[in-house]
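Read through the structure below, which is laid out as structure tokens, and then see the notes.
Protein chains in written order, with the numbering used here: chain A, 188 to 473; chain B, 898 to 1009.
Structure representation (structure tokens):
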């Protein structure tokens, strides 16, 4: 498009310049013939005087379209020479690819390890224990392996390998905060989750080991700071705002999470600190 | 014997064109003629080099160009000075004055 425009512009520039030069030429020839020089001789003399071919080139050099044309010619020339020496081209492409690839890989590593360290206590000491079992759980977004809870509990009880063990599973829930229910990414976590990560609440309390003690012992939910601010307006008493007789947001949460509703009633326990977005964590960091 | 003609010093053509156009808009041929007249044929301007200079000055925004009817009745491309061109002329005149003044000083110093 731009090229077309420039060619078009160039056409009009060329036409205008030809007219301009012709005017000069004719006037000069006319002036010379009035002094008695025959027209043929006058024309010859003016052509020499003006140096027509050179002037045209010099004026074109001044036009802004010139560099574009030269650039296109250069590009074509380099493409041609690259095609004529495929060995050289391959070497260049390979070194470019390797260079860019290596830089990108190193940067991704630096990005994850240094720039995006987890905002938890001693993130470098966290390890991810994965499970290659057959219990594939399929979600709309893919499938994950779930480790049975008894094994998690067993790991939690050992003291030889780890200072602490937390369990988590990502899930999507339908939550009604204000208005219509909408899908919200959530995590089901063990009571050791917050103590092990060393993360505290901005308000209220976090999920504690005591919540794991018995079924229904601690039906609690912790909202991420972002969610609390965006969806609940940062209200300290979120629950009360909904009115005691109406469904609390936790009941609504339960309604959305049918799989767990029989076992647990959810109650807001606290809000996370401003810089913690535990829900966003991707398991590969661990 | 007519005095020999000097080729125009490099870089001064732009300044001369701007100066000529302070009087009134003119086409290329007119500028060439006036250069010739004003300098009493002492300065020799290659007629061809006038046009690259004119187009360059126009690119820089110091000149404006438009087609108008000339004195012969035929349409010609007339150049006129823009405010930026006027400012540029002042700058160039100033640096020219300083340069020629300095050169004069050196000559006077040397002849003493």
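Each residue gets a CB set at the ideal place from its N, CA and C atoms; glycine is no exception. Note that the structure is predicted; figures quoted are calculated from it, not measured.
For a test of the three-state rule: what should DSSP assign to residue 271/A, helix, strand or coil?
As a position in the first chain, residue 271/A is number 84, starting the count at 1. If DSSP states are grouped into helix, strand and coil, residue 271/A belongs with the helices.
Taking 9 Å as the threshold (beta carbon to beta carbon), is residue 969/B in contact with chain A?
On the second chain, residue 969/B is found 72 positions in, with the first residue counted as 1. So, interface residue.
So for residue 970/B, helix, strand or coil by DSSP?
Along the second chain, one-based indexing puts residue 970/B at 73. Reduced to three states, the DSSP call for residue 970/B is coil.
Should the region 342-359 of chain A be regarded as contacting the region 368-376 of chain A, the criterion being three or more beta carbon pairs within less than 8 Å?
For the pair of segments examined, the region 342-359 of chain A was found to touch the region 368-376 of chain A: the number of CB pairs separated by less than 8 Å reaches three.
So what's residue 958/B in DSSP terms, helix, strand or just coil?
Along the second chain, read from residue 1 onward, the residue named residue 958/B stands at position 61. In this structure, residue 958/B counts as coil in the three-state DSSP scheme.
Figure out for me which residue from 960/B, 1005/B, 991/B and 998/B has the closest Cα to the Cα of residue 918/B.
Reading the second chain from its first residue, position 21 is the one you call residue 918/B. When each option's Cα is compared against that of residue 918/B, the closest is 960/B.
Taking 9 Å as the cut-off, decide whether the C-beta atoms of residue 906/B and residue 965/B are in contact.
Taking the second chain and counting its residues from 1, the one referred to as residue 906/B is at position 9. Taking the second chain and counting its residues from 1, the one referred to as residue 965/B is at position 68. Going by C-beta atoms, residue 906/B is not nearer than 9 Å to residue 965/B.
Shorter than 8 Å, the distance from the beta carbon of residue 205/A to the closest heavy atom of the ligand GTP, or not?
As far as ligands go, the structure on display features none, and thus does not contain the ligand GTP.
Have a look at residue 932/B and residue 258/A and give me their C-alpha separation to the nearest angstrom.
The residue given as residue 932/B occupies position 35 in the second chain. The residue given as residue 258/A occupies position 71 in the first chain. Near 37 Å, if we compare the C-alpha coordinates of residue 258/A and residue 932/B.
Which whole-angstrom value describes the C-beta separation of residue 215/A and residue 233/A, a residue pair presumed to lie in contact below a C-beta threshold of 8 Å?
Residue 215/A sits at position 28 when you count from the first residue of the first chain. Residue 233/A sits at position 46 when you count from the first residue of the first chain. With a Cβ gap of about 5 Å, residue 215/A and residue 233/A count as contacting.
Assigned exposure category for residue 270/A - 16 Cβ within 10 Å defines buried
As a working note, residue 270/A is residue 83 in the first chain. With fewer than 16 other Cβ atoms inside 10 Å of its own Cβ, residue 270/A counts as exposed.
Whole-angstrom C-beta distance between residue 359/A and residue 368/A, which should lie under 8 Å
One-based indexing of the first chain puts residue 368/A at position 181. One-based indexing of the first chain puts residue 359/A at position 172. The Cβ separation is near 12 Å, so there is no contact.
Can you give me the start and stop residues for the beta strand (DSSP E) that residue 246/A sits inside?
Here residue 246/A corresponds to residue number 59 of the first chain, with the count starting at 1. Taken as a continuous stretch (DSSP letters only), residue 246/A belongs to no beta strand (DSSP E), being part of the alpha helix (DSSP H) at 239-249.
Leaving out the 5 sequence neighbours to the left and right, which residues in its chain are closer than 6 Å to residue 229/A when beta-carbon positions are compared?
Here residue 229/A is taken as the residue at index 42 of the first chain, counted from 1. Cβ neighbours of residue 229/A beyond the five flanking positions: 216, 219 and 220.
Count the other CB atoms within 10 Å of the CB of residue 939/B; is the residue buried (16 or more) or exposed (fewer)?
By one-based count along the second chain, residue 939/B stands at place 42. By the 10 Å Cβ count, residue 939/B comes out exposed.
For the region 410-418 of chain A against the region 342-351 of chain A, do three or more pairs of beta-carbon atoms, one drawn from each stretch, fall closer than 8 Å, so that the two count as touching?
no
Members of the region 237-262 of chain A near chain B, C-beta cut-off 8 Å:
237, 238, 239, 241, 242, 245, 246, 248, 249, 250 and 251
Determine the direct distance from the alpha carbon of residue 252/A to that of residue 200/A, and round the result to whole angstroms.
As a position in the first chain, residue 200/A is number 13, starting the count at 1. As a position in the first chain, residue 252/A is number 65, starting the count at 1. Whole-angstrom Cα-Cα distance: 10 Å.
What does residue 203/A reach in chain B if we use C-beta pairs closer than 9 Å?
Position 16 of the first chain holds residue 203/A. The answer, in chain order, is 962, 964 and 974.
From which residue to which residue does the alpha helix (DSSP H) around residue 383/A run?
The residue given as residue 383/A occupies position 196 in the first chain. Run containing residue 383/A: 380-384, per the alpha helix (DSSP H) assignment.
Shorter than 9 Å from the beta carbon of residue 949/B to some beta carbon of chain A?
Here residue 949/B refers to the residue found at position 52 when the second chain is read from its first residue. So yes, residue 949/B belongs to the interface.
Could you check which residue in 246/A, 349/A and 317/A has the C-alpha nearest to that of residue 335/A?
Residue mapping note: residue 335/A aligns to position 148 of the first chain, counting from 1. Among 246/A, 349/A and 317/A, the Cα nearest to that of residue 335/A belongs to 317/A.
Using a C-beta to C-beta distance shorter than 8 Å, which residues of chain A count as neighbours of residue 931/B?
Start at 1 with the first residue of the second chain, and residue 931/B comes out as number 34. Per Cβ cutoff of 8 Å: no residues; residue 931/B is ~13 Å from chain A at best.
Residue 879/B to residue 260/A, Cα distance in whole Å?
Absent from the model: residue 879/B. The displayed extent of chain B is 898 to 1009, so no value can be given.
Beta-carbon of residue 230/A versus every beta-carbon of chain B: anything under 9 Å?
Against the first chain, residue 230/A aligns to sequence position 43. Judged by the 9 Å Cβ criterion, residue 230/A is not in contact with chain B.
Show which residues of chain A have a CB atom less than 8 Å away from the CB atom of residue 934/B.
Residue numbering aside, residue 934/B sits at position 37 when the second chain is read from its first letter. The contacting residues do not exist; residue 934/B stays about 13 Å from chain A at best.
Between residue 1001/B and residue 991/B, what straight-line distance do the alpha-carbon atoms span, to the nearest angstrom?
Indexing the second chain from 1 puts residue 1001/B at position 104. Indexing the second chain from 1 puts residue 991/B at position 94. For residue 1001/B and residue 991/B, the distance between alpha carbons rounds to 15 Å.
Which one of 383/A, 399/A, 401/A and 210/A has the shortest CA to CA distance from residue 970/B?
By one-based count along the second chain, residue 970/B stands at place 73. The residue with the shortest Cα to Cα distance from residue 970/B is 210/A.
If distances are taken between C-alpha atoms only, which option among 241/A, 294/A, 226/A and 231/A comes closest to residue 943/B?
Sequence index remark: in the second chain, residue 943/B carries index 46 (1-based). Checking every option, the nearest Cα to that of residue 943/B belongs to 241/A.
Members of the region 908-926 of chain B near chain A, C-beta cut-off 8 Å:
924, 925 and 926
Confirm, please, whether the CB-CB distance from residue 386/A to residue 306/A is below 9 Å.
In the first chain, residue 306/A corresponds to position 119, counting from 1. In the first chain, residue 386/A corresponds to position 199, counting from 1. Yes, the Cβ-Cβ distance between residue 306/A and residue 386/A is below 9 Å.
Can the beta-carbon of residue 946/B be found closer than 9 Å to that of residue 236/A?
What you label residue 946/B is simply residue 49 of the second chain in a count that begins at 1. What you label residue 236/A is simply residue 49 of the first chain in a count that begins at 1. No, the pair does not count as a contact, with Cβ atoms beyond the cut-off.
Starting from the C-beta of residue 395/A, find all residues in its chain whose C-beta is less than 8 Å away, skip the five residues before and the five after it, and write them out in chain order.
Your numbering for residue 395/A matches position 208 in the first chain. Answer for residue 395/A: 378, 381, 382 and 405, listed in chain order.
So what does DSSP say about residue 211/A, is it helix, strand or coil?
Counting from one through the first chain, the residue named residue 211/A turns up at place 24. It is helical.
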